[in-house]
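Novice: Going left to right, the sequence shown walks through residues 3 to 414 as my numbering numbers them.
One structure, as structure tokens, below. Some questions next.
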Amino acid sequence: MIKNSKNYKDEYTNYYFKVFGEPQLVLKSLRESIAVDVDNNEYIDLLGAIAVNTLGGAHDELADEIAKQAKNVMHTSNFFTTTSQIELAKKLLFIADFPTNSRVFLTNSGTESVECALKIIKKYANTSKKPRILALTNSFHGRTLGALSLTYKEKYRTPFAPLIPDVEFIEAGNLQSLEDAFTTRRCEEDGEIAGLFVEIIQGEAGVINLSKDYIQRARELTIQNNALLVVDEVQTGVGRTGSWFAFQDTGIQPDVITVAKGLAGGFPIGAVIANPQAAEILLPGEHGTTFGGNPLAASAALKVIEVIERDNLLENARKIYTCVVHHYEGTGRRTRGKGALMAIEVKNERSLDVAKLVLQPKSAEKERGVIVNPVNNSWIRIAPALNIELDLLEKGLIKLDEAFKECEDEQY
Ligand code: PLP
3 MIKNSKNYKD EYTNYYFKVF GEPQLVLKSL RESIAVDVDN NEYIDLLGAI
53 AVNTLGGAHD ELADEIAKQA KNVMHTSNFF TTTSQIELAK KLLFIADFPT
103 NSRVFLTNSG TESVECALKI IKKYANTSKK PRILALTNSF HGRTLGALSL
153 TYKEKYRTPF APLIPDVEFI EAGNLQSLED AFTTRRCEED GEIAGLFVEI
203 IQGEAGVINL SKDYIQRARE LTIQNNALLV VDEVQTGVGR TGSWFAFQDT
253 GIQPDVITVA KGLAGGFPIG AVIANPQAAE ILLPGEHGTT FGGNPLAASA
303 ALKVIEVIER DNLLENARKI YTCVVHHYEG TGRRTRGKGA LMAIEVKNER
353 SLDVAKLVLQ PKSAEKERGV IVNPVNNSWI RIAPALNIEL DLLEKGLIKL
403 DEAFKECEDE QY
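Here it is, written out as structure tokens:
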């Protein structure tokens, strides 16, 4: 029997943990920005696996690099290293433009990068006797218990309480609550602040840009209070916003940044980049990982960075932004975000319906569906590959508009 999408979905539903719900598609291939499912339906991919597939779903040069490295040395223990790990650390420090003597730690994922950054802050909190750690409302920093302690959504947190107790959420973007957090105590016992975690664009919250003023004030207050500033660049980093990292457009220098998602274009890897003072905090033996940034992942990341540089993909990310903004100019439909991380407004809270509808390929007309993400009720998120052809992006947006029209006008 030849299995179709429905058969595979049923099997998935029977065998897999229930955490993701039923998969929307069973993919057979995803080359560049065209996905094909097991029933041979095609889709324009405007989501890039949520800001991960930097060079599209499959990229020949990246695949060749991974194959070459796999035949050479795939993995070593931490007693050894390989040239790709050293080169990647150097390259990351260079593109992030961190000060001399800054350092890198390689991980497998976003949440592990945040976990490592949090251990830096926790240790600093303990040694400096500054117990408080700040995070922002609507933040998303990951699902492991440490990173979850910094993640705002109650639905994600409550079943796993108690989490790390010293984390305090302050209202994202609100200058007054930022000032208050540094100048007032919630109770007698409250001490000072060890660190603050921010995303420059809150991706999971709906692609919400925090203002330059806010980020700059956060930097000033953390410096004045000897607190560390961690910028979570897991979603925004490695070219996604049209710069190597989103903080680079704000005029500040963070103490630590966390990176993952797009770094190796779909191969699992993460990184923590820390300035000399922050990097010194973790001593030998105080952190580690078996697989983090192994030679295979490191060489994939180096190739992704090389292709971004060679093919001017930072510029392409900026063109993606311009294309989306122009497309909706004068339509009354708002857009937000930066570079190739954007959200498009949906009226009447119909974003789930829009995303579902636009995904349907109209097979009679051999039309493609479009992959987007209803990041919340009123916004559709897109995060396409940085090398997507602008014509294809435009085609996807036109189909999205049809879905907007159909869903938003519908009487219900
Ligand atoms: N931090 C941010 C800003 C993210 O957007 C995400 C994932 O969406 C994470 C951390 C967690 O990354 P991962 O899913 O790789 O653990």
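The C-beta atom is built at its ideal place from N, Cα and C for all residues, glycine as well.
Whole beta strand (DSSP E) runs in the stretch 266-328 with 3 or more residues, listed along the chain?
Specialist: Complete beta strand (DSSP E) runs here, min 3: 272-276.
Novice: Could you give the first and the last residue of the continuous alpha helix (DSSP H) run that contains A127?
Specialist: Residues 112-130.
Novice: According to the Cβ coordinates, are R105 and A276 closer than 8 Å?
Specialist: Yes, the Cβ-Cβ distance between R105 and A276 is below 8 Å.
Novice: From this set, T85, R370, L392, K349, which residue's C-alpha is nearest A319's C-alpha?
Specialist: Minimum Cα distance to A319 is reached at L392.
Novice: Would you please verify whether the beta carbon of A149 is less than 8 Å from any beta carbon of chain B?
Specialist: Protein chain content of the structure displayed is limited to a single chain, and chain B is not contained in it.
Novice: I'd like the ranges of any alpha helix (DSSP H) spanning at least 4 consecutive residues and lying wholly in the stretch 166-252.
Specialist: If we require 4 residues or more, the alpha helix (DSSP H) runs fully inside the stretch 166-252 come out as 177-185, 214-226.
Novice: Run through DSSP, which three-state label would A342 get?
Specialist: It is coil, neither helix nor strand.
Novice: With a Cβ-Cβ cutoff of 8 Å, do G268 and V38 count as a contact?
Specialist: Going by C-beta atoms, G268 is not nearer than 8 Å to V38.
Novice: Which term fits I213, buried or exposed, when burial requires 16 or more other beta carbons within 10 angstroms of its beta carbon?
Specialist: Reading off the sequence shown, one finds Ser at residue 213, where the question assumed Ile. Exposed, since its Cβ has fewer than 16 Cβ neighbours within 10 Å.
Novice: Only counting runs of 4 or more residues, tell me where the alpha helix (DSSP H) segments fall wholly within the stretch 59-99, in order along the chain.
Specialist: Those alpha helix (DSSP H) runs which fall completely within the stretch 59-99 and span 4+ residues are 62-74, 85-98.
Novice: Measure the CB-CB distance between A1 and R242 and report whether it falls below 8 Å.
Specialist: For the chain, the structure presents residues 3 to 414; residue 1 sits outside this window and is missing.
Novice: From H77 to D257, what distance separates their C-alpha atoms?
Specialist: H77 and D257: Cα-Cα distance of roughly 30 Å.
Novice: Could you check where the alpha helix (DSSP H) with N16 kicks off and where it finishes?
Specialist: Run containing N16: 7-17, per the alpha helix (DSSP H) assignment.
Novice: In chain order, what are the residues with a CB under 7 Å from some non-hydrogen atom of the ligand PLP?
Specialist: That query returns the following residues: I52, S111, G112, T113, E114, V116, F142, H143, G144, R145, A149, E201, G205, E206, D234, V236, Q237, T260, A262, K263, G272.
Novice: Can you give me the start and stop residues for the alpha helix (DSSP H) that G371 sits inside?
Specialist: Element bounds for G371: not the alpha helix (DSSP H) but the beta strand (DSSP E), 371-373.
Novice: Spatial neighbours of A299 within its chain, please: C-beta separation below 7 Å, excluding the five flanking residues on both sides.
Specialist: A266, F269, P270, I271.
Novice: Mind checking whether I307 and I97 have CB atoms under 8 Å apart?
Specialist: Their beta carbons are under 8 Å apart, which means I307 touches I97 by this criterion.
Novice: How far does the beta strand (DSSP E) with I135 in it extend, from its first residue to its last?
Specialist: Its beta strand (DSSP E) spans residues 134-138.
Novice: Indicate the three-state DSSP secondary structure (helix, strand or coil) for F162 in the structure shown.
Specialist: F162 falls in the helix class under three-state DSSP.
Novice: Using a Cβ-Cβ cut-off of 6 Å (strictly less than) and excluding sequence neighbours within five positions of F142, which residues of its own chain qualify?
Specialist: T153, E206, listed in sequence order.
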